[in-house]
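According to the working numbering, the stretch in the sequence shown is residues 35 to 179, in order.
Take a look at the structure below.
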Amino acid sequence: MTEPGAEATTGDDGRQVSRRRPPQYWLLIVLITAEFLAVAGVTIGLVVELFATRPTSYAAGIAVIVMAIVAAVWLAFIVAGALRGRAWIRGASFVWQVLQFAIGIGCFQGLTATPVVGWLLVVPAVVVAVLLMLPSVRAVTGARG
35 MTEPGAEATT GDDGRQVSRR RPPQYWLLIV LITAEFLAVA GVTIGLVVEL
85 FATRPTSYAA GIAVIVMAIV AAVWLAFIVA GALRGRAWIR GASFVWQVLQ
135 FAIGIGCFQG LTATPVVGWL LVVPAVVVAV LLMLPSVRAV TGARG
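Written as structure tokens, this is what we have:
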């Protein structure tokens, strides 16, 4: 039996589970949405910069913008799936967190190292990866389809 206002569904293991969303799941949605908004903002900034300044290579500039658009669309789909409690968001989001973590680690190295940006990328990536593994989050994202 489920509580009023909570949907019931069948989880990954075949048991009936409540679809009530715990605070950890809402934190996950907030963090993934923030990542989406950040990538969308960077994408807009890249487009503006392409037209405002003369790039060394238009082809490279356009390629970076296309990759940023793909990342923003990918994150938009993850946010939409997370709001629906879909199971596939765990894998898609985890892959994004690994990529974001790798980019963040790269920000700590080299001649143009920017540790602040590195921390802003690494910390949310680790937090989201941990949240994705919590049983309460896995229970909410147990719906297939």
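Note that the Cβ used here is the ideal one computed from N, Cα and C, for glycine as well.
Keep in mind the model is a prediction, meaning the values are calculated, not measured.
Asked	Found
Output the distance between the C-alpha atoms of Gln95 and Val151, rounded to the nearest integer angstrom.	Going by the sequence as given, residue 95 is Gly instead of Gln. If I take the Cα positions, the gap works out to 21 Å.
For the alpha helix (DSSP H) that Thr67 lies in, which residues bound it at each end?	57-86
What is the rounded straight-line gap between the Cα of Trp122 and the Cα of Gly115?	8 Å
In the DSSP assignment, find the alpha helix (DSSP H) that holds Ser127 and state where it starts and stops.	122-140
Over what stretch of residues does the alpha helix (DSSP H) that includes Arg172 continue unbroken?	169-174
Count the other CB atoms within 10 Å of the CB of Thr30; is the residue buried (16 or more) or exposed (fewer)?	Residue 30 lies beyond the range of the chain shown here (35 to 179); nothing can be said about it.
Helix, strand or coil: which one does DSSP assign to Gly152?	helix
Out of Val156, Gln131, Val161, Ala126, state which residue places its alpha-carbon closest to the alpha-carbon of Ile139.	Val156
Taking Gly144 as part of the alpha helix (DSSP H), name the residues at either end of that continuous run.	Counting along the chain, Gly144 falls outside any alpha helix (DSSP H), and DSSP gives it neither H nor E.
Could you tell me which of Val81, Arg55, Arg118, Phe135 sits nearest to Glu69, measuring between CA atoms?	Phe135
Looking at the structure shown, is Leu166 part of a helix, part of a strand, or coil, going by DSSP?	helix
Whose CA, out of Val113, Arg172, Gly119, lies closest to the CA of Thr67?	Val113
What do you get for Ser127, buried or exposed, if any count of 16 or more other CB atoms within 10 angstroms of its CB means buried?	buried
Assuming Leu62 and Leu166 are in contact, meaning their beta carbons sit under 8 Å apart, how far apart are those beta carbons, in whole angstroms?	7 Å
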